[in-house]
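Structure first, commentary second.
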Amino acid sequence: MNVHLEEIARTVEPGAHALVMLDQAGWHTSSMLEVPRNITLMALPSRSPELNPVENVWQFIRDNWLSNRVFQSYEDILDHCCLAWNSPVSQPDRIASIGTRKWAHGFAIGG
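This is the structure we're talking about:
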């Protein structure tokens, strides 16, 4: 997780600050985390997948590349997992739409 945070920090524009939303997985809340100065971590409430858009992305990956399959071997499982992990990279617009929560974007202020 520390390597991941360093990678995020490296891509943040100079003078900017990143907010990284996380679920409460143990590696996200470890006291061993070294959070770069240009990142703030925001933990989502426990047991609230509706607040975590990546949950929909994981479901999309399972539905499209991993579910309802009979794997022939351990290597076959690894191959399918690698395909499932890498395939969405070529579909950024789809991933953005999957991660969007209509209830979070569909309100009018003062309306």
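Sequence positions in the sequence shown follow the working numbering and run 499 to 609.
The C-beta atom is built at its ideal place from N, Cα and C for all residues, glycine as well.
Within 8 Å, strictly: CB atoms of residue i and residue j
i	j	result
A582	W563	yes
H515	N536	yes
L517	H526	no
N550	L531	no
R567	H578	yes
Buried or exposed (CB count within 10 angstroms, at least 16 for buried), residue i
i	result
I575	exposed
D591	exposed
G609	In this prediction, G609 has a pLDDT of 49, which is less than 50 and means its spatial position is unreliable; what the coordinates show is noted afterwards. Flag for G609 reads exposed.
Integer Cβ distance of residue i from residue j, believed to fall under 8 Å
i	j	result
F569	I596	F569 to I596, Cβ: 25 Å. No contact.
P547	E504	Going by Cβ atoms, the distance from P547 to E504 rounds to 27 Å, so no, they are not a contact pair.
W555	P586	The question names Trp, but residue 555 is Val in the sequence shown. Correct: roughly 7 Å between the Cβ atoms.
Requested in this report: Quick one: which unbroken alpha helix (DSSP H) runs of 4-plus residues sit fully inside the stretch 554-580? Chain order, please.
Outcome: Counting only runs of at least 4 residues, the stretch 554-580 fully encloses no alpha helix (DSSP H) element at all.
**Report entry** Every unbroken alpha helix (DSSP H) within the stretch 501-541, with a cutoff of 4 residues, ordered by chain
**Finding:** Uninterrupted alpha helix (DSSP H) stretches at least 4 residues long and entirely within the stretch 501-541 occur at 524-527, given in chain order.
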